[in-house]
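Only one structure is covered here, and it is reproduced in the block below.
In our numbering, the protein residues as written are 766 to 1159.
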(Lines of atoms letter the chains of each structure in order from A and count residues from 1; the text may use other names and numbers.)
(Lines give C-alpha, C1' and ligand atoms only; values in the text may rest on other atoms or scores of the structure.)
Protein backbone atom coordinates (compact mmCIF):
# COMPACT_ATOMS: atom_id res chain seq x y z
CA UNK A 1 0.00 0.00 0.00
CA UNK A 2 1.15 3.58 -0.56
CA UNK A 3 1.21 4.55 3.09
CA UNK A 4 2.07 3.32 6.59
CA UNK A 5 -0.64 2.21 9.01
CA UNK A 6 -0.47 1.27 12.71
CA UNK A 7 -3.25 -0.58 14.54
CA UNK A 8 -3.53 -1.82 18.13
CA UNK A 9 -0.64 -2.59 20.48
CA UNK A 10 2.91 -2.95 19.19
CA UNK A 11 6.34 -2.56 20.82
CA UNK A 12 8.45 0.57 20.25
CA UNK A 13 11.13 -1.40 18.35
CA UNK A 14 10.44 -4.22 15.94
CA UNK A 15 11.86 -7.71 16.57
CA UNK A 16 12.20 -7.03 20.29
CA UNK A 17 10.52 -8.60 23.31
CA UNK A 18 6.81 -7.86 23.49
CA UNK A 19 5.12 -9.67 26.34
CA UNK A 20 1.53 -10.62 27.09
CA UNK A 21 -0.09 -9.90 30.48
CA UNK A 22 0.92 -13.38 31.68
CA UNK A 23 4.58 -12.69 30.82
CA UNK A 24 4.78 -14.88 27.71
CA UNK A 25 5.95 -13.45 24.40
CA UNK A 26 3.57 -12.38 21.69
CA UNK A 27 4.39 -14.23 18.45
CA UNK A 28 5.69 -11.99 15.66
CA UNK A 29 4.65 -12.64 12.07
CA UNK A 30 6.27 -10.70 9.25
CA UNK A 31 3.99 -10.77 6.21
CA UNK A 32 5.77 -9.41 3.16
CA UNK A 33 5.93 -9.61 -0.63
CA UNK A 34 8.91 -10.22 -2.91
CA UNK A 35 10.83 -11.95 -0.18
CA UNK A 36 12.08 -9.29 2.22
CA UNK A 37 12.48 -6.71 -0.57
CA UNK A 38 9.11 -4.93 -0.78
CA UNK A 39 6.02 -3.96 1.23
CA UNK A 40 5.36 -5.79 4.49
CA UNK A 41 3.53 -5.64 7.79
CA UNK A 42 4.50 -6.98 11.20
CA UNK A 43 1.71 -8.67 13.17
CA UNK A 44 1.69 -9.70 16.85
CA UNK A 45 -0.28 -12.85 17.70
CA UNK A 46 -1.43 -14.20 21.05
CA UNK A 47 -0.67 -17.71 19.76
CA UNK A 48 1.78 -19.21 17.28
CA UNK A 49 0.53 -18.56 13.72
CA UNK A 50 2.42 -21.72 12.68
CA UNK A 51 0.47 -24.14 14.91
CA UNK A 52 -1.67 -26.40 12.73
CA UNK A 53 -3.19 -29.69 13.90
CA UNK A 54 -4.39 -31.08 10.57
CA UNK A 55 -3.96 -30.62 6.82
CA UNK A 56 -6.45 -32.20 4.41
CA UNK A 57 -7.09 -32.04 0.68
CA UNK A 58 -10.19 -29.95 -0.07
CA UNK A 59 -12.33 -30.14 -3.22
CA UNK A 60 -14.02 -26.81 -4.03
CA UNK A 61 -17.65 -26.89 -5.23
CA UNK A 62 -16.84 -24.73 -8.28
CA UNK A 63 -13.80 -26.32 -9.98
CA UNK A 64 -12.13 -24.16 -12.60
CA UNK A 65 -12.72 -25.37 -16.16
CA UNK A 66 -11.54 -23.47 -19.23
CA UNK A 67 -11.97 -23.59 -22.97
CA UNK A 68 -10.55 -21.33 -25.66
CA UNK A 69 -12.55 -18.52 -27.27
CA UNK A 70 -12.86 -20.53 -30.47
CA UNK A 71 -14.17 -19.59 -32.93
CA UNK A 72 -12.93 -16.13 -32.01
CA UNK A 73 -15.79 -13.70 -31.42
CA UNK A 74 -16.95 -11.00 -28.99
CA UNK A 75 -19.06 -12.32 -26.14
CA UNK A 76 -21.81 -10.98 -23.89
CA UNK A 77 -22.28 -12.66 -20.50
CA UNK A 78 -25.45 -11.93 -18.52
CA UNK A 79 -24.30 -12.47 -14.95
CA UNK A 80 -27.76 -11.98 -13.44
CA UNK A 81 -28.76 -15.30 -15.03
CA UNK A 82 -26.43 -16.90 -12.47
CA UNK A 83 -28.50 -15.88 -9.43
CA UNK A 84 -28.53 -18.58 -6.75
CA UNK A 85 -29.48 -18.80 -3.09
CA UNK A 86 -27.62 -20.30 -0.17
CA UNK A 87 -24.18 -19.49 -1.59
CA UNK A 88 -21.29 -17.81 0.18
CA UNK A 89 -19.05 -15.05 -1.28
CA UNK A 90 -15.98 -17.29 -1.73
CA UNK A 91 -17.00 -20.88 -2.46
CA UNK A 92 -20.02 -19.51 -4.34
CA UNK A 93 -17.88 -17.73 -6.94
CA UNK A 94 -18.85 -18.75 -10.46
CA UNK A 95 -15.91 -18.58 -12.85
CA UNK A 96 -16.50 -16.64 -16.06
CA UNK A 97 -13.13 -15.99 -17.71
CA UNK A 98 -9.55 -17.00 -16.96
CA UNK A 99 -5.99 -17.02 -18.24
CA UNK A 100 -2.54 -17.65 -16.77
CA UNK A 101 -2.57 -14.26 -14.97
CA UNK A 102 -6.06 -13.85 -13.53
CA UNK A 103 -9.47 -15.39 -13.02
CA UNK A 104 -12.70 -13.40 -13.23
CA UNK A 105 -15.78 -14.67 -11.42
CA UNK A 106 -19.19 -13.53 -10.22
CA UNK A 107 -20.87 -14.36 -6.91
CA UNK A 108 -24.35 -13.88 -5.52
CA UNK A 109 -24.12 -14.64 -1.80
CA UNK A 110 -26.37 -14.58 1.24
CA UNK A 111 -24.43 -16.72 3.74
CA UNK A 112 -21.05 -16.19 5.46
CA UNK A 113 -17.98 -17.66 3.84
CA UNK A 114 -15.55 -19.99 5.59
CA UNK A 115 -12.16 -18.69 6.70
CA UNK A 116 -10.07 -18.48 3.54
CA UNK A 117 -6.56 -17.71 2.38
CA UNK A 118 -5.58 -17.21 -1.28
CA UNK A 119 -1.89 -18.09 -1.40
CA UNK A 120 -1.66 -17.58 -5.19
CA UNK A 121 -2.19 -13.83 -5.52
CA UNK A 122 -4.09 -10.71 -4.51
CA UNK A 123 -7.83 -10.46 -4.98
CA UNK A 124 -9.92 -7.48 -6.08
CA UNK A 125 -13.58 -7.79 -5.04
CA UNK A 126 -15.96 -5.23 -6.58
CA UNK A 127 -19.38 -4.87 -4.94
CA UNK A 128 -22.16 -4.49 -7.50
CA UNK A 129 -24.83 -4.40 -4.79
CA UNK A 130 -25.41 -5.44 -1.20
CA UNK A 131 -23.12 -5.10 1.78
CA UNK A 132 -20.80 -7.23 3.89
CA UNK A 133 -18.38 -7.25 6.78
CA UNK A 134 -14.94 -8.53 5.87
CA UNK A 135 -13.20 -10.08 8.86
CA UNK A 136 -9.41 -10.42 8.57
CA UNK A 137 -6.37 -10.99 10.77
CA UNK A 138 -5.67 -7.24 10.30
CA UNK A 139 -9.12 -6.21 11.55
CA UNK A 140 -12.57 -5.81 10.02
CA UNK A 141 -13.77 -3.74 7.05
CA UNK A 142 -17.33 -2.90 6.01
CA UNK A 143 -17.99 -2.89 2.27
CA UNK A 144 -20.96 -1.81 0.18
CA UNK A 145 -22.10 -0.85 -3.30
CA UNK A 146 -19.30 0.49 -5.49
CA UNK A 147 -16.46 -0.60 -3.21
CA UNK A 148 -13.27 -2.18 -4.50
CA UNK A 149 -11.79 -4.44 -1.81
CA UNK A 150 -8.11 -5.34 -2.29
CA UNK A 151 -7.04 -8.40 -0.30
CA UNK A 152 -3.28 -9.08 -0.25
CA UNK A 153 -2.00 -12.56 -1.00
CA UNK A 154 -2.32 -15.02 1.91
CA UNK A 155 -4.48 -12.79 4.11
CA UNK A 156 -6.76 -15.02 6.20
CA UNK A 157 -10.27 -13.60 5.97
CA UNK A 158 -13.94 -14.34 5.63
CA UNK A 159 -16.79 -12.34 4.10
CA UNK A 160 -20.10 -12.05 5.95
CA UNK A 161 -23.04 -10.60 3.93
CA UNK A 162 -25.09 -8.02 5.81
CA UNK A 163 -28.30 -6.17 5.00
CA UNK A 164 -31.52 -7.45 3.46
CA UNK A 165 -30.50 -8.34 -0.10
CA UNK A 166 -27.79 -10.65 -1.45
CA UNK A 167 -24.20 -9.56 -1.91
CA UNK A 168 -23.30 -9.38 -5.61
CA UNK A 169 -19.60 -9.20 -6.41
CA UNK A 170 -17.28 -9.30 -9.38
CA UNK A 171 -13.99 -10.90 -8.34
CA UNK A 172 -10.59 -10.65 -10.04
CA UNK A 173 -8.11 -13.17 -8.64
CA UNK A 174 -4.52 -12.41 -9.66
CA UNK A 175 -1.45 -14.61 -9.80
CA UNK A 176 0.54 -11.70 -8.34
CA UNK A 177 -0.12 -8.33 -6.74
CA UNK A 178 -2.78 -5.68 -7.45
CA UNK A 179 -1.61 -2.11 -6.80
CA UNK A 180 -2.23 1.49 -7.86
CA UNK A 181 -0.56 2.15 -11.24
CA UNK A 182 3.12 3.02 -10.91
CA UNK A 183 2.63 6.28 -12.80
CA UNK A 184 0.35 7.50 -9.99
CA UNK A 185 3.00 6.94 -7.30
CA UNK A 186 6.11 8.79 -6.21
CA UNK A 187 9.33 6.82 -5.85
CA UNK A 188 8.47 6.52 -2.14
CA UNK A 189 4.91 5.34 -2.74
CA UNK A 190 2.82 8.49 -2.26
CA UNK A 191 -0.14 8.97 -4.60
CA UNK A 192 0.75 11.98 -6.77
CA UNK A 193 -1.25 15.09 -7.64
CA UNK A 194 -2.22 13.79 -11.09
CA UNK A 195 -3.59 10.51 -9.68
CA UNK A 196 -7.41 10.22 -9.87
CA UNK A 197 -7.60 9.28 -6.17
CA UNK A 198 -5.49 9.77 -3.05
CA UNK A 199 -4.82 8.30 0.39
CA UNK A 200 -7.82 10.15 1.86
CA UNK A 201 -10.08 8.01 -0.35
CA UNK A 202 -8.70 4.72 1.00
CA UNK A 203 -10.19 2.84 3.96
CA UNK A 204 -8.26 0.30 6.00
CA UNK A 205 -8.83 -1.61 9.25
CA UNK A 206 -9.10 0.72 12.26
CA UNK A 207 -8.78 -1.66 15.22
CA UNK A 208 -7.84 -5.28 15.95
CA UNK A 209 -10.42 -8.03 15.54
CA UNK A 210 -9.88 -10.54 18.35
CA UNK A 211 -11.65 -13.91 18.23
CA UNK A 212 -11.03 -16.65 20.78
CA UNK A 213 -11.30 -20.28 19.76
CA UNK A 214 -9.53 -23.53 19.05
CA UNK A 215 -9.40 -25.91 16.08
CA UNK A 216 -10.25 -23.27 13.46
CA UNK A 217 -10.52 -24.48 9.86
CA UNK A 218 -9.05 -22.33 7.07
CA UNK A 219 -9.37 -23.14 3.36
CA UNK A 220 -6.20 -22.36 1.41
CA UNK A 221 -6.01 -21.97 -2.36
CA UNK A 222 -2.40 -22.51 -3.42
CA UNK A 223 -0.05 -23.38 -6.25
CA UNK A 224 0.70 -26.99 -7.14
CA UNK A 225 2.60 -28.44 -10.05
CA UNK A 226 0.57 -27.79 -13.18
CA UNK A 227 -2.23 -25.79 -11.59
CA UNK A 228 -4.16 -24.89 -8.45
CA UNK A 229 -4.74 -26.94 -5.31
CA UNK A 230 -6.93 -26.52 -2.25
CA UNK A 231 -6.02 -27.57 1.29
CA UNK A 232 -7.97 -27.32 4.54
CA UNK A 233 -5.72 -26.39 7.47
CA UNK A 234 -6.92 -26.81 11.03
CA UNK A 235 -5.24 -24.25 13.28
CA UNK A 236 -4.73 -24.94 16.95
CA UNK A 237 -6.06 -21.45 17.72
CA UNK A 238 -8.28 -19.03 15.85
CA UNK A 239 -6.11 -16.92 13.48
CA UNK A 240 -7.88 -13.68 14.48
CA UNK A 241 -5.68 -13.27 17.56
CA UNK A 242 -3.62 -10.27 16.40
CA UNK A 243 -3.40 -7.60 19.11
CA UNK A 244 -1.59 -5.10 16.86
CA UNK A 245 0.32 -4.61 13.63
CA UNK A 246 2.02 -1.95 11.55
CA UNK A 247 3.30 -1.63 8.01
CA UNK A 248 2.30 -1.01 4.42
CA UNK A 249 0.64 -4.34 3.55
CA UNK A 250 -3.02 -4.84 4.54
CA UNK A 251 -6.51 -5.17 3.04
CA UNK A 252 -8.02 -1.89 1.91
CA UNK A 253 -11.10 -0.43 0.27
CA UNK A 254 -11.61 2.26 -2.37
CA UNK A 255 -15.05 3.28 -3.62
CA UNK A 256 -15.55 3.85 -7.34
CA UNK A 257 -17.51 7.06 -6.56
CA UNK A 258 -14.24 8.57 -5.29
CA UNK A 259 -12.50 8.07 -8.64
CA UNK A 260 -12.00 11.53 -10.21
CA UNK A 261 -12.42 11.17 -13.98
CA UNK A 262 -9.92 12.71 -16.39
CA UNK A 263 -11.62 14.30 -19.41
CA UNK A 264 -10.54 16.28 -22.47
CA UNK A 265 -11.68 18.28 -25.49
CA UNK A 266 -11.86 15.09 -27.57
CA UNK A 267 -12.45 11.48 -26.55
CA UNK A 268 -9.92 10.15 -24.05
CA UNK A 269 -8.55 6.58 -24.29
CA UNK A 270 -9.12 3.94 -21.55
CA UNK A 271 -5.74 4.48 -19.77
CA UNK A 272 -7.18 7.69 -18.23
CA UNK A 273 -9.66 5.45 -16.41
CA UNK A 274 -7.04 3.10 -14.99
CA UNK A 275 -7.49 2.40 -11.27
CA UNK A 276 -5.23 -0.60 -10.52
CA UNK A 277 -2.63 -2.75 -12.21
CA UNK A 278 -1.86 -6.44 -11.80
CA UNK A 279 0.41 -8.98 -13.48
CA UNK A 280 -0.34 -8.60 -17.19
CA UNK A 281 -3.69 -6.88 -16.65
CA UNK A 282 -5.17 -3.52 -15.63
CA UNK A 283 -8.45 -2.55 -13.93
CA UNK A 284 -10.23 0.67 -14.98
CA UNK A 285 -13.26 2.60 -13.69
CA UNK A 286 -15.73 4.31 -16.01
CA UNK A 287 -17.72 6.73 -13.88
CA UNK A 288 -20.35 9.45 -14.46
CA UNK A 289 -18.53 12.43 -15.99
CA UNK A 290 -18.64 15.43 -18.28
CA UNK A 291 -17.45 14.43 -21.74
CA UNK A 292 -15.64 15.89 -24.71
CA UNK A 293 -16.11 19.63 -25.26
CA UNK A 294 -14.51 20.28 -28.67
CA UNK A 295 -17.19 21.79 -30.94
CA UNK A 296 -16.87 18.82 -33.33
CA UNK A 297 -16.35 16.13 -30.66
CA UNK A 298 -17.88 12.65 -30.89
CA UNK A 299 -18.12 11.64 -27.22
CA UNK A 300 -18.48 7.86 -27.61
CA UNK A 301 -15.37 5.72 -28.23
CA UNK A 302 -13.99 5.39 -31.74
CA UNK A 303 -13.65 1.91 -33.22
CA UNK A 304 -10.48 0.42 -31.84
CA UNK A 305 -8.43 -2.72 -32.10
CA UNK A 306 -6.27 -3.41 -29.07
CA UNK A 307 -3.91 -5.84 -30.76
CA UNK A 308 -2.21 -6.90 -27.51
CA UNK A 309 -5.13 -7.30 -25.12
CA UNK A 310 -8.56 -8.74 -24.42
CA UNK A 311 -11.05 -6.18 -23.05
CA UNK A 312 -13.62 -7.13 -20.41
CA UNK A 313 -16.24 -4.58 -19.35
CA UNK A 314 -18.63 -5.12 -16.44
CA UNK A 315 -21.65 -2.81 -16.67
CA UNK A 316 -22.73 -1.90 -13.17
CA UNK A 317 -24.88 1.24 -13.37
CA UNK A 318 -26.28 4.10 -15.44
CA UNK A 319 -26.71 4.11 -19.21
CA UNK A 320 -23.83 3.03 -21.40
CA UNK A 321 -24.41 5.06 -24.57
CA UNK A 322 -21.94 3.21 -26.79
CA UNK A 323 -23.70 -0.14 -26.22
CA UNK A 324 -27.33 0.98 -26.66
CA UNK A 325 -29.26 -1.59 -28.69
CA UNK A 326 -26.80 -4.46 -28.13
CA UNK A 327 -28.64 -6.15 -25.26
CA UNK A 328 -26.11 -4.94 -22.70
CA UNK A 329 -27.69 -4.11 -19.32
CA UNK A 330 -27.09 -4.07 -15.58
CA UNK A 331 -24.73 -6.91 -14.65
CA UNK A 332 -23.66 -7.58 -18.24
CA UNK A 333 -20.07 -8.42 -19.14
CA UNK A 334 -18.69 -7.89 -22.63
CA UNK A 335 -15.55 -9.63 -23.84
CA UNK A 336 -13.89 -8.01 -26.86
CA UNK A 337 -10.85 -10.15 -27.68
CA UNK A 338 -7.65 -9.19 -29.45
CA UNK A 339 -8.06 -10.11 -33.09
CA UNK A 340 -11.44 -8.35 -33.20
CA UNK A 341 -12.03 -4.65 -33.91
CA UNK A 342 -14.75 -3.29 -31.63
CA UNK A 343 -16.47 -0.01 -31.01
CA UNK A 344 -19.84 1.66 -30.45
CA UNK A 345 -23.04 0.12 -31.71
CA UNK A 346 -24.44 1.36 -35.05
CA UNK A 347 -25.96 4.82 -34.63
CA UNK A 348 -24.24 5.53 -31.30
CA UNK A 349 -21.74 8.02 -32.74
CA UNK A 350 -24.46 10.20 -34.29
CA UNK A 351 -26.64 10.03 -31.17
CA UNK A 352 -23.73 11.13 -28.97
CA UNK A 353 -22.98 14.37 -30.85
CA UNK A 354 -23.83 17.31 -28.59
CA UNK A 355 -24.04 15.19 -25.42
CA UNK A 356 -22.04 16.76 -22.60
CA UNK A 357 -22.46 14.22 -19.77
CA UNK A 358 -22.41 10.42 -19.51
CA UNK A 359 -24.22 8.74 -16.63
CA UNK A 360 -22.44 5.40 -16.83
CA UNK A 361 -20.69 3.10 -14.40
CA UNK A 362 -18.50 0.19 -15.44
CA UNK A 363 -15.44 -1.77 -14.36
CA UNK A 364 -12.99 -2.78 -17.08
CA UNK A 365 -10.32 -5.48 -17.01
CA UNK A 366 -7.81 -5.48 -19.87
CA UNK A 367 -5.61 -8.58 -20.02
CA UNK A 368 -2.47 -8.99 -22.09
CA UNK A 369 -2.93 -12.69 -22.61
CA UNK A 370 -6.06 -14.23 -24.16
CA UNK A 371 -8.93 -15.13 -21.86
CA UNK A 372 -10.52 -18.56 -21.88
CA UNK A 373 -14.22 -19.13 -21.23
CA UNK A 374 -15.24 -20.93 -18.05
CA UNK A 375 -18.33 -23.02 -17.43
CA UNK A 376 -20.43 -20.30 -15.78
CA UNK A 377 -19.48 -17.85 -18.52
CA UNK A 378 -20.73 -20.21 -21.19
CA UNK A 379 -23.96 -20.85 -19.26
CA UNK A 380 -24.90 -17.17 -19.17
CA UNK A 381 -23.76 -16.16 -22.68
CA UNK A 382 -26.00 -14.22 -25.07
CA UNK A 383 -25.30 -16.06 -28.35
CA UNK A 384 -26.54 -13.21 -30.56
CA UNK A 385 -24.22 -10.47 -29.31
CA UNK A 386 -21.44 -10.94 -31.87
CA UNK A 387 -23.72 -10.01 -34.76
CA UNK A 388 -25.23 -6.81 -33.28
CA UNK A 389 -22.85 -4.52 -35.23
CA UNK A 390 -24.13 -5.97 -38.52
CA UNK A 391 -27.59 -4.50 -38.08
CA UNK A 392 -28.62 -0.96 -37.23
CA UNK A 393 -30.35 -0.72 -33.84
CA UNK A 394 -31.82 2.26 -31.99
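A virtual CB, placed ideally from N, CA and C, is assigned to each residue, including glycine. Just so we're clear, the structure is a prediction, and the values are computed from it rather than from any experiment.
- Here the C-alpha atom of residue 1156 lies approximately 14 Å from the C-alpha atom of residue 1107.
- Just measuring C-alpha positions, the residue of 864, 893 and 967 sitting nearest residue 906 is 967.
- Between the alpha carbons of residue 960 and residue 893 lies a distance of about 24 Å.
- Selection 1017, 1000, 856 and 982 evaluated against residue 970 yields 1017 as nearest (Cα-Cα).
- Here the alpha carbons of residue 1027 and residue 804 stand approximately 29 Å from one another.
- When secondary structure is reduced to three states using DSSP, residue 1153 falls in the helix class.
- Cβ contact annotation for residue 1139 (same chain, cutoff 7 Å, sequence separation greater than five): 829, 830, 831, 860, 861, 862 and 863, in chain order.
- Straight-line spacing of the CA atoms in residue 901 and residue 1087 works out to 40 Å.
- By the beta-carbon neighbour count (other beta carbons within 10 angstroms, threshold 16), residue 1101 is buried.
- Out of 1041, 1109 and 995, the CA that lies nearest to the CA of residue 962 is found in 1041.
- Secondary structure of residue 892 (DSSP, three-state): strand.
- Counting every other CB atom within 10 Å of its CB across the protein chains shown gives residue 952 a total below 16, marking it as exposed.
- Between residue 940 and residue 992 a beta carbon distance of about 12 Å is seen, past the 8 Å cut, so the two are scored as non-contacting.
- Take residue 782, set aside five residues on each side of it, and the residues of its chain with a beta-carbon closer than 7 Å to its own are 790, in chain order.
- Here residue 779 has 807 as same chain residues with Cβ atoms under 6 Å from its own Cβ, once five neighbours each way along the sequence are excluded.
- The Cβ neighbour count for residue 977, taken over all protein chains shown within 10 Å, is under 16; the residue is labelled exposed.
- In the DSSP assignment, residue 773 forms a beta bridge with 1009.
- DSSP places residue 816 outside any alpha helix (DSSP H), giving it a letter other than H or E.
- Fully enclosed beta strand (DSSP E) runs of no fewer than 3 residues occupy 979-989 and 992-1002 of the stretch 976-1008, in order along the chain.
- The C-alpha of residue 875 lies about 43 Å from the C-alpha of residue 1118.
- Pairing residue 1113 with residue 824, the inter-Cα distance amounts to about 47 Å.
- Take the alpha-carbon of residue 1124 and the one of residue 1022: they are about 12 Å apart.
- Per DSSP, residue 1025 is not a residue of any beta strand (DSSP E), being assigned neither H nor E.
- For residue 868, the uninterrupted beta strand (DSSP E) segment begins and ends at 867-874.
- Three or more Cβ pairs closer than 8 Å define a contact, and the stretch 917-930 falls short of that threshold against the stretch 1071-1083.
- Distances from the alpha-carbon of residue 923 to those of 792, 856 and 878 put 878 closest.
- One alpha carbon belongs to residue 772, the other to residue 866, and they sit about 33 Å apart.
- Counted as a single uninterrupted DSSP element, the beta strand (DSSP E) harbouring residue 939 occupies residues 932-939.
- According to the DSSP assignment, residue 851 belongs to no beta strand (DSSP E), since it is labelled neither H nor E.
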